[in-house]
Amino acid sequence: MAARLVIDDIAPAVGEEPYPAKAVQGELFPIRAVVWGDGHDKLGATVVAMTSGLPDTLVVHMASGAEEDTFHALLPLESQGLWQFRVDGWRDPYATWRGRIEAFLSTEHADLESAEGLANEVEEGARILEQALDLDQIGPDERAALREAVARLRSPGSLRSRTDLAIGAEASAILRRHPVRELVTRGRTHRILVERDRAARGAWYEFFPRSTGGWAEDGSPAHGTFATAEAQLERAAAMGFDVVYLPPIHPIGTTARKGRNNTLAADADDVGSPWAIGSAEGGHDAIHPQLGDEKDFKRFVARAEELGLEVALDFALQCSPDHPWVKEHPEWFTTRPDGTIACAENPPKKYQDIYPLNFDNDPGGLRQGVLEVVLKWVGLGVRVFRVDNPHTKPPDFWSWLITRIWQEHPDVVFLSEAFTRPARLYGLAKLGFSQSYTYFTWRTAKHELVEFMADLVAHADVCRPNLFVNTPDILTDQLVRGGEATFASRAALAATLGPSWGVYSGYELFEHLPVRPGSEEYLDSEKYELRPRDFAGALRAERSLEPWIAKLNAIRRAHPALGQLRTLRFHYPEDDEIIAYSKHDPATGDAVLVVVTLDPHVPRETTVWLDLEGIGQEPGARFPVRDEVTGQQWEWGHGNYVRLDPAFAVAHILALPTIPAPFRETLAYRR
1 MAARLVIDDI
11 APAVGEEPYP
21 AKAVQGELFP
31 IRAVVWGDGH
41 DKLGATVVAM
51 TSGLPDTLVV
61 HMASGAEEDT
71 FHALLPLESQ
81 GLWQFRVDGW
91 RDPYATWRGR
101 IEAFLSTEHA
111 DLESAEGLAN
121 EVEEGARILE
131 QALDLDQIGP
141 DERAALREAV
151 ARLRSPGSLR
161 SRTDLAIGAE
171 ASAILRRHPV
181 RELVTRGRTH
191 RILVERDRAA
201 RGAWYEFFPR
211 STGGWAEDGS
221 PAHGTFATAE
231 AQLERAAAMG
241 FDVVYLPPIH
251 PIGTTARKGR
261 NNTLAADADD
271 VGSPWAIGSA
281 EGGHDAIHPQ
291 LGDEKDFKRF
301 VARAEELGLE
311 VALDFALQCS
321 PDHPWVKEHP
331 EWFTTRPDGT
341 IACAENPPKK
351 YQDIYPLNFD
361 NDPGGLRQGV
371 LEVVLKWVGL
381 GVRVFRVDNP
391 HTKPPDFWSW
401 LITRIWQEHP
411 DVVFLSEAFT
421 RPARLYGLAK
431 LGFSQSYTYF
441 TWRTAKHELV
451 EFMADLVAHA
461 DVCRPNLFVN
471 TPDILTDQLV
481 RGGEATFASR
491 AALAATLGPS
501 WGVYSGYELF
511 EHLPVRPGSE
521 EYLDSEKYEL
531 RPRDFAGALR
541 AERSLEPWIA
551 KLNAIRRAHP
561 ALGQLRTLRF
571 HYPEDDEIIA
581 YSKHDPATGD
591 AVLVVVTLDP
601 HVPRETTVWL
611 DLEGIGQEPG
621 ARFPVRDEVT
631 GQQWEWGHGN
641 YVRLDPAFAV
651 AHILALPTIP
661 APFRETLAYR
671 R
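Residues in the sequence shown are numbered consecutively from 1, following UniProt numbering.
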């Protein structure tokens, strides 16, 4: 038998099954649906959710939206794991009846002892309340209140006096919690994968442990170790980072080793690229002997944990010509007609020191080999992996690997370094990657940032962006030419636009020299040589961005709103060189407004027009704001004067009044 009601446009719904939507533990997760049917009766809807982590089914009633047939709810996800949910729709006889009574009470006949034709209407209400009394969920106090309302309905008196209890606040609240439902229709089941908080939020700092050895007596760089790298852990923690990300720490091949600045001829003392993984000393499961051994690495991880940091490892599925797999498993590579193994290419780049893996010849054997590598590092305390170029590997491989890891270690986080087309970016996210690199690095103009972030918000149910300001491979022309204010403004944008952001070491020293004009490669790139840095000296000379980065991360920790993506809303500065946006946290009501200058050269003055409804304010409202950067306080409203001088402050990060609970859910759906 066909259902009487229709349930449409359920969100989130990530393509076709089996892809689940993404959430994190403790999140209030927005669910939306359209429920409609014939006639004029009021309808209701409920989210019904379940997971192996809960002893009982979770039921959350949905509120009606701005459009009568639209319903929404915030689903509390208190445990990790795979959740299932569906939306049930039904006809709501109490809401329909109450609407008719309230309409009559607004007329001039409302106080009559008896109004013609209303006897049946009043009795119908009594019977609806009696149906509610039969519900198992009704508590003793609620039951007593409903019985009193039924008795009043059947007593003599005016319509107003007989119905005041039945349509009053107490009875209405009881019937919202425990509705009488008719024509109940079940929607299709959808899934949500709930991960730990780090899967969605965090501040990442990338550095090379081998560059932490300082200088030898002759003035040359000394190779660092995990022991010398501990000082960088302390510095990263002091800047407020959550994750320290290390490039590959494995033995490096010598065959076709690259020299300084990516030259094809290496000198005897050149250290090579960490991404040319593998030598006679081992492969992906080994540690470069100059960094230390497994005991040293475990001490490094333990020290990071003491400082409140997690260690992320680069997971690069590629090999140097000297990797043990080349001899042990030549079928795992692509052999050319002349018998040689093909090296990696990304035109116009060519990587003579790297062999890509071929997943077609022995997929079962290669998969097992890779799985053992990941499990090895998980066993050494690593729970976060940054995956190099995942879009160059088969999609079904990632789905298999991530699922296998999560079966035993659901706290493992995979970050996709997918600087690629949207279909691949979002496709990899659907397959299980917890976070994704994005094109943020190259989005610079205001309209580009607005369009780019709007697209990410539209895909927030599946893709969580990590906005890195730079990488060892990416030095944008904006950083080359923009000066120190550009470094500050890009950090402010990355730290406040996205729930996760990242910095590659040297950014805080304003490193900006390319190897040649127009290139995105750094001069004297750390990928090919040791780069010890005098961070302390730069701080003393006030030539460091460390204080600004620390302030940004401190503000992020103080404001859960900045850990959100779905609630991002843009506002309207008159100047196209100033961008303004807000966020709020549905759980706490915390709200923040960010205003950033995109001009690194001269002060900009403008009026910022706010979407007041988008920040939980009534039209015409005036309200206090506090700049978390300077501590200054102002009263703001619809239109507000702003002046940003890149020589002093590139951004206002304004704490807004807390958004009251009744408005948070509605705002979570406002686009």
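Every residue gets a Cβ at the ideal spot worked out from N, C-alpha and C, and that includes glycine.
Separation of the CB atoms of LEU193 and LEU77 is rounded to 10 Å, and the pair is thereby denied contact status at 8 Å. Among the bridge pairs identified by DSSP, ASN640 is matched with VAL608. In the DSSP annotation of this structure, the continuous segment of the alpha helix (DSSP H) that includes ASP455 starts and ends at 446-458.
For secondary structure counted as the alpha helix (DSSP H) over 4 or more consecutive residues, the stretch 211-292 holds these complete runs in sequence order: 226-238. Shown here for ARG464: same chain residues with a beta carbon closer than 8 Å to its own, the five before and five after excluded, namely LYS22, ALA199, ALA200, ALA429, SER434, GLN435, SER436, PRO499, SER500 and LEU565 in chain order. One alpha carbon belongs to PHE535, the other to ILE549, and they sit about 14 Å apart. Non-local C-beta neighbours of VAL450 in its own chain, meaning closer than 6 Å and more than five positions away in sequence, comprise PHE570, ordered along the chain.
Annotated three-state conformation of GLY502 is strand, per DSSP. For ALA119, the three-state secondary structure derived from DSSP is helix.
Apart from the 5 residues on each side of it in sequence, ARG490 sits with its Cβ closer than 7 Å to the Cβ of VAL469 in its chain, given in chain order.
GLU328 and GLU310 have their alpha carbons spaced roughly 34 Å apart. Just measuring C-alpha positions, the residue of GLU305, ALA13, TRP634 and HIS250 sitting nearest SER279 is HIS250. For the pair LEU135 and LEU58, the Cα-to-Cα distance works out to about 17 Å. Counting C-beta pairs with one atom in each stretch, the stretch 245-260 and the stretch 567-586 have fewer than three that are closer than 8 Å, which means they do not touch. Secondary structure of PRO330 (DSSP, three-state): helix. Around the beta carbon of GLN232, 16 or more other beta carbons sit within 10 angstroms, so the residue counts as buried.
As the crow flies, the alpha-carbon of ASP285 is around 7 Å from that of LYS376. Going by beta carbons, ARG91 and ASP41 fall inside the 8 Å limit.
The alpha carbon of MET239 has as its nearest neighbour, out of PRO532, VAL503 and GLN137, the alpha carbon of VAL503.
The C-beta distance from PRO289 to LEU246 rounds to 16 Å, too long to meet the 8 Å contact threshold.
Taking 8 Å as the cut-off, the Cβ atoms of THR185 and ILE7 count as close. Just measuring C-alpha positions, the residue of ALA216, THR225, VAL370 and VAL35 sitting nearest GLU294 is THR225.
Taking a cut-off of 8 Å for Cβ pairs, the stretch 297-311 and the stretch 374-389 touch, as three or more such pairs fall below it.
Taken atom to atom, the span from the alpha-carbon of ARG235 to that of ARG421 is near 35 Å. In its chain, beyond the 5 residues on either side, ALA491, ALA492 and ALA495 have a beta carbon closer than 7 Å to the beta carbon of LEU552. Residue environment analysis places TRP215 among the exposed positions, since fewer than 16 neighbouring C-beta atoms fall within 10 angstroms of its C-beta.
Taking the CA atoms as reference points, ARG152 sits about 7 Å from LEU165. In this chain, the beta strand (DSSP E) harbouring ALA655 covers 651-655. Using a 10 angstroms sphere on the CB of SER320, the tally of other CB atoms reaches 16 or more, which defines it as buried. Annotation for THR189: no alpha helix (DSSP H) segment contains it, and DSSP assigns it neither H nor E. One alpha carbon belongs to THR392, the other to ASP314, and they sit about 16 Å apart. A check of alpha carbon separations from GLU372 across ILE405, GLY631 and VAL35 identifies ILE405 as the nearest. If the five residues before and after ARG556 are omitted, its C-beta is found closer than 8 Å to the C-beta atoms of ALA203, GLY240, ALA495, THR496, LEU562 and GLY563, all from its own chain and listed in chain order. Assignment of THR486 by DSSP, reduced to helix, strand and coil, places it in the helix class. Assignment of alpha helix (DSSP H) within the stretch 504-558, counting only whole runs of 4 or more residues, yields 535-540 and 546-558 in chain order. Residue state for PRO348 is assigned as coil, using DSSP reduced to three classes.
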